[in-house]
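Written below as structure tokens is the structure these notes are about.
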Amino acid sequence: MTAGNIEIDTLVVGAGQAGVAMSEHLSTLGIPHLVLERSRIAEAWRSGRWDSLVANGPAWHDRFPGLEFAGLSPDGFAHKEQVADYFEAYARKFKAPIRTGVEVRKVEHNVGRPGFTVETSQGVIQANRVVVATGPFQKPVIPAIAPQDERLTQIHSAQYRNPQQLAEGAVLVVGAGSSGTQIADELLRAGKQVYLSVGQHDRPPRAYRNRDFCWWLGVLGEWDQAAMKPGREHVTIAVSGAHGGRTVDFRELAQRGMTLVGVTRSFSDGVATFQPDLAANLARGDENYLAVLDAADAYIERNGLNLPLEPEARRVFPDPECVSKPILELDLAEAGITTIIWATGFATDYSWMNVDAFDEKGKPRHQRGVSTESGIYFLGLPWQSRRGSSFIWGVWHDAKYVADHIATQRKYLEYRDAAERQAEQAASTAPASVVTA
Ligand SMILES: Cc1cc2nc3c(=O)[nH]c(=O)nc-3n(C[C@H](O)[C@H](O)[C@H](O)COP(=O)(O)OP(=O)(O)OC[C@H]3O[C@@H](n4cnc5c(N)ncnc54)[C@H](O)[C@@H]3O)c2cc1C
Numbered sequence: 000m001t002a003g004n005i006e007i008d009t010l011v012v013g014a015g016q017a018g019v020a021m022s023e024h025l026s027t028l029g030i031p032h033l034v035l036e037r038s039r040i041a042e043a044w045r046s047g048r049w050d051s052l053v054a055n056g057p058a059w060h061d062r063f064p065g066l067e068f069a070g071l072s073p074d075g076f077a078h079k080e081q082v083a084d085y086f087e088a089y090a091r092k093f094k095a096p097i098r099t100g101v102e103v104r105k106v107e108h109n110v111g112r113p114g115f116t117v118e119t120s121q122g123v124i125q126a127n128r129v130v131v132a133t134g135p136f137q138k139p140v141i142p143a144i145a146p147q148d149e150r151l152t153q154i155h156s157a158q159y160r161n162p163q164q165l166a167e168g169a170v171l172v173v174g175a176g177s178s179g180t181q182i183a184d185e186l187l188r189a190g191k192q193v194y195l196s197v198g199q200h201d202r203p204p205r206a207y208r209n210r211d212f213c214w215w216l217g218v219l220g221e222w223d224q225a226a227m228k229p230g231r232e233h234v235t236i237a238v239s240g241a242h243g244g245r246t247v248d249f250r251e252l253a254q255r256g257m258t259l260v261g262v263t264r265s266f267s268d269g270v271a272t273f274q275p276d277l278a279a280n281l282a283r284g285d286e287n288y289l290a291v292l293d294a295a296d297a298y299i300e301r302n303g304l305n306l307p308l309e310p311e312a313r314r315v316f317p318d319p320e321c322v323s324k325p326i327l328e329l330d331l332a333e334a335g336i337t338t339i340i341w342a343t344g345f346a347t348d349y350s351w352m353n354v355d356a357f358d359e360k361g362k363p364r365h366q367r368g369v370s371t372e373s374g375i376y377f378l379g380l381p382w383q384s385r386r387g388s389s390f391i392w393g394v395w396h397d398a399k400y401v402a403d404h405i406a407t408q409r410k411y412l413e414y415r416d417a418a419e420r421q422a423e424q425a426a427s428t429a430p431a432s433v434v435t436a
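The structure is reproduced here in structure tokens:
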């Protein structure tokens, strides 16, 4: 792209899975569009995650409908590079009009005329519509309680790559969603002493009665939940596709030598304090786990499915000492902790968008991705239309909805009343004026 004015019907910002899905649906509907990506296609999967990461869902599930993973069993878990390759191949398949290495720096509604002026690192674009597909996880968040202590190395899970990257010594991992749990497990396997701070979580069984949890959440309608249940805003989900895919069981991690603590409360003079909520958090995680098993059993029974019983799935490991006698205070130096990894999630950054599509907290105001500013769309938001929205398979369906909405709006704008139609017809049939010298 060269500097200068380009005009386009629909501009998509970001070429992760959301941008690629959006482009596919716009292409199918014949809507002229351009996708701008500041880095490479699916960059988050390439360089934004740790080296060993594999998808949390099996290959048959965590993909778009139009393409299977090459060279991978449907039940396998794609390595992050395979996921990135997959989206590149997918974009090639339908010749997605993606320009990489172009950052969108400003989007502003035009004054007194429709459309948006978009400033990019390579020039200005006029777009009738803008789809913001810049990802659900943009800015790593480290909570304000993080200590100012130069003896400690502190990184966010987004900066973690592998155990060798860390200094000698024990590690405190704060946050036990999928990232924190997988990183803590990897460090433990690498011989590190690991403390894991565990908050409220769901931990579905990796698989039960020969079906992966992705299948169970699908047939039980869980992926389609339209909104988060009240009070569950801070409940993470702890699942893992690592090592062939295993259920996350915190007691089993403790049995292998990990020290579990409750929610991290504060740091003062080299001492960390933790909430006395570890046992309660584990109990709620167990409840969630058992509820999935119960619902799965009921589904099998009701539908007369022939899936093998799995009574051992209900076995509960005994509470380790760190649960029965919880650590509420920990002197970090005494415990030998030299690194803290904050697996505490991400925020979004829309500071580059000067449009009326955000609430007072800066969150997108939208319905299923259609924002309150006509012509601005979002894609890939957590819970955009349902629980599955920010995941690979979910974003594809949301993209279809957004593309259909754009097509409908284009139809409205194409409408001409009788007088306009007549004028247009007259203009098209009028003889060309002859210019004489
Ligand atoms: C550790 C981790 C593991 C995950 N594992 C799975 C999994 O196994 N299965 C699953 O379904 N989901 C998983 N997810 C969730 C989700 O699928 C990913 O976060 C996915 O990357 C989201 O895709 P996206 O296209 O919405 O956003 P992103 O992949 O973040 O893509 C957004 C793109 O926009 C670009 N961009 C941003 N700002 C601009 C700008 N101003 N101008 C131009 N370009 C811009 C970025 O460079 C980026 O390439 C995981 C998430 C994380 C964090």
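Per numbering that gives the first Met the number 0, residue 0 is the first one in the sequence shown, and the count goes up by one each step. All residues carry an ideal CB built from backbone N, CA and C; glycine is no exception.
Could you tell me the alpha carbon to alpha carbon distance between residue i and residue j, rounded to whole angstroms?
i	j	result
Tyr207	Val170	32 Å
Trp341	Leu380	22 Å
Ala2	Val123	Since pLDDT at Ala2 reaches only 47, below the 50 mark, its modelled position is unreliable, and no value is offered.
Ala436	Arg112	Confidence in Ala436 is poor, its pLDDT being 44 and thus under 50, which makes the residue's placement unreliable; the coordinate value appears in the next sentence. Spanning the two alpha carbons is a distance of roughly 38 Å.
Gly261	Pro275	6 Å
Ala282	Thr235	14 Å
Asp358	Asp416	36 Å
Ala248	His200	Here the sequence assigns Asp to residue 248, which means Ala is not the residue at that position. Those two C-alpha atoms are separated by around 11 Å.
Gly18	Trp215	28 Å
Leu378	Ser384	10 Å
Asp403	Arg301	37 Å
Gln125	Phe136	27 Å
Glu286	Pro204	12 Å
Met352	His155	26 Å
Ala166	Leu259	21 Å
Gly168	Leu306	46 Å
Gly256	Ile182	15 Å
Leu71	Ala43	21 Å
Arg409	Ile7	13 Å
His233	Thr246	21 Å
Ile336	Val291	36 Å
Arg45	Asn161	15 Å
Ser323	Thr347	38 Å
Quick check: residue i and residue j, are their CB atoms within less than 8 Å of each other?
i	j	result
Gly179	Leu195	yes
Gly138	Phe345	Gly is not the amino acid found at residue 138; the sequence shown has Lys there. Result yes, Cβ atoms of Lys138 and Phe345 sit closer than 8 Å.
Val140	Val172	no
Ile375	Ile30	no
Glu118	Arg128	no
Pro325	Ala278	yes
Val238	Phe212	yes
Ala54	Val82	yes
Leu219	Ala294	yes
Phe316	Arg250	yes
Gly269	Leu331	yes
Val354	His24	no
At what residues does the beta strand (DSSP E) containing residue i begin and finish?
i	result
Phe76	Taken as a continuous stretch (DSSP letters only), Phe76 belongs to no beta strand (DSSP E), as it is neither H nor E.
Asp330	Glu328 to Asp330
Ser427	Premise fails: Ser427 lies in the alpha helix (DSSP H), Ala417 to Thr428, not in any beta strand (DSSP E).
Ile124	Gly122 to Val131
Ser265	Thr263 to Ser267
Val234	Premise fails: Val234 is in no beta strand (DSSP E) and is neither H nor E.
Arg98	Ile97 to Thr99
Looking at the unbroken alpha helix (DSSP H) that takes in residue i, where does it start and where does it end?
i	result
Asp442	Within the shown structure, residues of the chain are numbered from 0 to 436, placing residue 442 beyond reach of any answer.
Glu185	Ser177 to Arg188
Gln16	Gln16 to Thr27
Asn280	Leu277 to Asn302
Glu42	Glu42 to Ser46
Trp214	Phe212 to Val218
Arg409	Ile391 to Glu413
Any beta carbon of chain C sitting closer than 8 Å to that of residue i?
i	result
Gln421	Among the chains in the structure shown there is no chain C, since it carries only a single protein chain.
Checklist entry - Do the stretch 23-36 and the stretch 90-102 meet, that is, are 3 or more Cβ pairs less than 8 Å apart? => result Yes, they touch.
Next on the checklist: Across the stretch 218-229 and the stretch 61-73, are there enough close Cβ pairs to call them in contact, namely three or more that are closer than 8 Å?
Outcome noted: Here the stretch 218-229 makes no contact with the stretch 61-73; the two share fewer than three CB pairs at distances below 8 Å.
Checklist entry - At a cut of 8 Å, does the stretch 390-403 reach the stretch 10-29 through at least three beta carbon pairs? => result Yes, since at least three Cβ pairs between the stretch 390-403 and the stretch 10-29 fall closer than 8 Å, the two stretches touch.
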